[in-house]
Amino acid sequence: MEKKTPSVGRIFRDGLLDQNPIFVQLLGMCSTLAISTSVINGIGMGVSVTFVLILSNLFISLLRNFIPAKIRIASYIVIIAGFVTVVDMILQAYVPSLAESLGLFIPLIVVNCIILARAESFASKHAPLPSVLDGVAMGLGFTVALVIISAIRELIGNGTLLGIRVMPDFYSPAVLVISPVGGFLVLGALIALVQWIRSRKKKHKGE
Amino acid sequence: MGSIFLLAVTAILIENFVFVKFYGICPFLGVSQKTETAVGMGLAVTFTMTIASALTWPLYYFVLQPLGLEYLETIAFILLIACLVQFIEMFLQKAIPSLYSSLGIYLPLITTNCAVLGVALLNIQKDYNFIESTVYGFAAGLGFLLAIFLLSLVRERFEFANIPKPFRGVPIALIAGGLLALAFSGLRLNF
Numbered sequence: 030m031e032k033k034t035p036s037v038g039r040i041f042r043d044g045l046l047d048q049n050p051i052f053v054q055l056l057g058m059c060s061t062l063a064i065s066t067s068v069i070n071g072i073g074m075g076v077s078v079t080f081v082l083i084l085s086n087l088f089i090s091l092l093r094n095f096i097p098a099k100i101r102i103a104s105y106i107v108i109i110a111g112f113v114t115v116v117d118m119i120l121q122a123y124v125p126s127l128a129e130s131l132g133l134f135i136p137l138i139v140v141n142c143i144i145l146a147r148a149e150s151f152a153s154k155h156a157p158l159p160s161v162l163d164g165v166a167m168g169l170g171f172t173v174a175l176v177i178i179s180a181i182r183e184l185i186g187n188g189t190l191l192g193i194r195v196m197p198d199f200y201s202p203a204v205l206v207i208s209p210v211g212g213f214l215v216l217g218a219l220i221a222l223v224q225w226i227r228s229r230k231k232k233h234k235g236e
Numbered sequence: 018m019g020s021i022f023l024l025a026v027t028a029i030l031i032e033n034f035v036f037v038k039f040y041g042i043c044p045f046l047g048v049s050q051k052t053e054t055a056v057g058m059g060l061a062v063t064f065t066m067t068i069a070s071a072l073t074w075p076l077y078y079f080v081l082q083p084l085g086l087e088y089l090e091t092i093a094f095i096l097l098i099a100c101l102v103q104f105i106e107m108f109l110q111k112a113i114p115s116l117y118s119s120l121g122i123y124l125p126l127i128t129t130n131c132a133v134l135g136v137a138l139l140n141i142q143k144d145y146n147f148i149e150s151t152v153y154g155f156a157a158g159l160g161f162l163l164a165i166f167l168l169s170l171v172r173e174r175f176e177f178a179n180i181p182k183p184f185r186g187v188p189i190a191l192i193a194g195g196l197l198a199l200a201f202s203g204l205r206l207n208f
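Residue numbers (my numbering), protein chains in the order written: chain A, 30 to 236; chain B, 18 to 208.
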């Protein structure tokens, strides 16, 4: 089961660019579409997911030789659900406004494919330290992608960034971009852009 | 009776789980290339959501609440859903092998479909009684079925369309989903 440990640079390159959870692996779409209406929500969700990802990767990696292969998915889900409950309670206690606006999508981190995918494809096969680094890198990649999407939607749909008005007064916000419809369209366009850049890069390498 | 009917219509059309609430986007994008598989997936999810709603309600009110363990609802619900999906998988394998093989890898993934856990948590959050919870689970599942069916109809046409390369696959599906969501948002008054 044990695989060769990739270098730190490789782990971070994968998390942020080559294997970016949202733009390349296309994981965790539900929460991405639902909460990317403002940058604050994007950061809040990104940090919560990163927190769960680091801890679940660490514990799954520590327990990787003890969990029987047959019931591993169920075991992973229980470990993840435990940490998600912790995050849920922390947010409700210290940042109730954020907990309110993220709503059900905090408990739903349990079923966010990114976390289970990293548990299965990385943490269950690597030592604890690289697994934690992988959690940091993937979480960072998720957060950066969320911030990009939510910045675009908040700027166009509300004329603000982080709640501060940045667009000139005559700009009337396009509310459609903040509505669910805008979520689908903005994400679709961004993923197309990423695929275009990647195909161009490949062409350059081929020549 | 009227309020139950209203609840169901709201869950299917006005507050559609996929287009308005963004639950279950992964299978919505992943299994919508072919209408047949999409409908199979939609039916399986509807079935799971109905049963999950009917089972998580008593679990919360008869087990977790008397013991003061409400904060464990996420863990308890996801475990129950995982077991339920396992049973459905075994049942389908025996009873309808053709559907079982066409759903393939997506069947165990119903566990991690946020629509299922989402509806279970929403039932508790909205203080629905047992009947309302079950009806809401069923109707929300039908809403998912409707959404994935519509998208699969559109996506089957994509095979003959000349789509720019970067947009092929998920991006164009997202944009088609966005346009469908636009149509659905016309059903809501306070847009």
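Glycine included, each C-beta is placed from N, C-alpha and C at the ideal position.
All values derive from a computational prediction rather than experimental measurement.
Short of 6 Å in beta carbon distance, which residues of its chain neighbour residue i, apart from the five on each side in sequence? Order them along the chain.
{"i": "residue 112 of chain A", "result": "81, 84, 85"}
{"i": "residue 183 of chain B", "result": "none"}
{"i": "residue 93 of chain A", "result": "153"}
{"i": "residue 111 of chain B", "result": "none"}
{"i": "residue 117 of chain B", "result": "109, 110"}
{"i": "residue 135 of chain B", "result": "40"}
Within a Cβ cutoff of 7 Å, which residues of the same chain sit near residue i, ignoring the five residues on either side of it in sequence?
{"i": "residue 25 of chain B", "result": "152, 156"}
{"i": "residue 129 of chain A", "result": "none"}
{"i": "residue 159 of chain B", "result": "29, 63"}
{"i": "residue 215 of chain A", "result": "178, 181, 182, 206"}
{"i": "residue 136 of chain A", "result": "113, 117"}
{"i": "residue 200 of chain A", "result": "188"}
{"i": "residue 59 of chain B", "result": "161, 162, 165, 166"}
{"i": "residue 81 of chain B", "result": "87, 89, 90, 93"}
{"i": "residue 170 of chain B", "result": "52"}
{"i": "residue 97 of chain A", "result": "none"}
Per DSSP, what kind of secondary structure is residue i in: helix, strand or coil?
{"i": "residue 189 of chain B", "result": "helix"}
{"i": "residue 194 of chain A", "result": "strand"}
{"i": "residue 27 of chain B", "result": "helix"}
{"i": "residue 34 of chain A", "result": "coil"}
{"i": "residue 172 of chain A", "result": "helix"}
{"i": "residue 66 of chain A", "result": "coil"}
Sorted by chain position, which residues of the same chain lie with C-beta nearer than 8 Å to residue i's C-beta, five sequence neighbours on each side aside?
{"i": "residue 157 of chain A", "result": "87, 90, 91"}
{"i": "residue 187 of chain B", "result": "46"}
Just tell me which of the options has its CA closest to the CA of residue i.
{"i": "residue 196 of chain B", "options": "B/52, B/64, B/172", "result": "B/172"}
{"i": "residue 204 of chain A", "options": "A/193, A/221, A/185, A/220", "result": "A/185"}
{"i": "residue 142 of chain B", "options": "B/66, B/44, B/87", "result": "B/87"}
{"i": "residue 66 of chain A", "options": "A/230, A/218, A/198, A/192", "result": "A/192"}
{"i": "residue 58 of chain A", "options": "A/143, A/108, A/70", "result": "A/143"}
{"i": "residue 164 of chain B", "options": "B/20, B/42, B/19, B/21", "result": "B/42"}
{"i": "residue 39 of chain B", "options": "A/63, A/42, A/48", "result": "A/63"}
{"i": "residue 109 of chain A", "options": "A/42, A/152, A/51", "result": "A/152"}
{"i": "residue 49 of chain B", "options": "B/168, B/185, B/202, B/180", "result": "B/168"}
{"i": "residue 141 of chain A", "options": "A/45, A/209, A/74", "result": "A/74"}
{"i": "residue 51 of chain B", "options": "B/200, B/190, B/125", "result": "B/190"}
{"i": "residue 54 of chain A", "options": "A/231, A/138, A/224", "result": "A/224"}
{"i": "residue 199 of chain B", "options": "B/83, B/35, B/185, B/117", "result": "B/35"}
{"i": "residue 133 of chain B", "options": "B/91, B/174, B/147", "result": "B/91"}
{"i": "residue 181 of chain B", "options": "A/103, A/102, A/228, A/160", "result": "A/228"}
{"i": "residue 221 of chain A", "options": "A/51, A/44, A/34", "result": "A/51"}
{"i": "residue 20 of chain B", "options": "B/150, B/131, B/95", "result": "B/150"}
Is residue i near residue j, with beta carbons less than 8 Å apart?
{"i": "residue 71 of chain B", "j": "residue 154 of chain B", "result": "yes"}
{"i": "residue 61 of chain A", "j": "residue 175 of chain A", "result": "yes"}
{"i": "residue 72 of chain A", "j": "residue 166 of chain A", "result": "no"}
{"i": "residue 63 of chain B", "j": "residue 127 of chain B", "result": "no"}
{"i": "residue 105 of chain B", "j": "residue 217 of chain A", "result": "no"}
{"i": "residue 101 of chain B", "j": "residue 76 of chain B", "result": "no"}
{"i": "residue 172 of chain A", "j": "residue 76 of chain A", "result": "yes"}
{"i": "residue 31 of chain B", "j": "residue 204 of chain B", "result": "yes"}
{"i": "residue 119 of chain B", "j": "residue 176 of chain B", "result": "no"}
{"i": "residue 161 of chain B", "j": "residue 56 of chain B", "result": "no"}
{"i": "residue 131 of chain A", "j": "residue 70 of chain A", "result": "yes"}
{"i": "residue 44 of chain B", "j": "residue 123 of chain B", "result": "yes"}
{"i": "residue 145 of chain A", "j": "residue 129 of chain B", "result": "yes"}
{"i": "residue 74 of chain B", "j": "residue 147 of chain B", "result": "yes"}
> If contact means a Cβ-Cβ distance below 9 Å, which residues of the stretch 100–123 of chain A contact chain B?
Replying inline: 102, 103, 106, 107, 109, 110, 111, 113, 114, 117, 118
> Of all the residues that make up the stretch 33–55 of chain A, which are near chain B by a beta-carbon distance shorter than 8 Å?
Replying inline: 55
> Using a Cβ cut-off of 7 Å, which residues of the stretch 136–156 of chain A contact any Cβ in chain B, in chain order?
Replying inline: 136, 137, 139, 140, 142, 145
> Which of the residues in the stretch 203–221 of chain A, read from start to end, lie with their CB under 9 Å from any CB of chain B?
Replying inline: 204, 205, 208, 209, 210, 211, 212, 213, 214, 215, 216, 217, 218, 219, 220, 221
> Which residues, in order along the stretch 53–77 of chain A, keep a beta-carbon less than 9 Å from a beta-carbon of chain B?
Replying inline: 55, 56, 57, 58, 59, 60, 61, 62, 63, 64
>> Please identify, using Cβ separations under 8 Å, the residues of the stretch 36–64 of chain B that lie next to chain A, in order along the chain.
In response: 36, 37, 38, 39, 40, 41, 42, 43, 46
> Taking any Cβ of chain A, which residues in the stretch 120–139 of chain B have a Cβ under 9 Å from it, in chain order?
Replying inline: 125, 126, 128, 129, 130, 131, 132, 133, 134, 135, 138, 139
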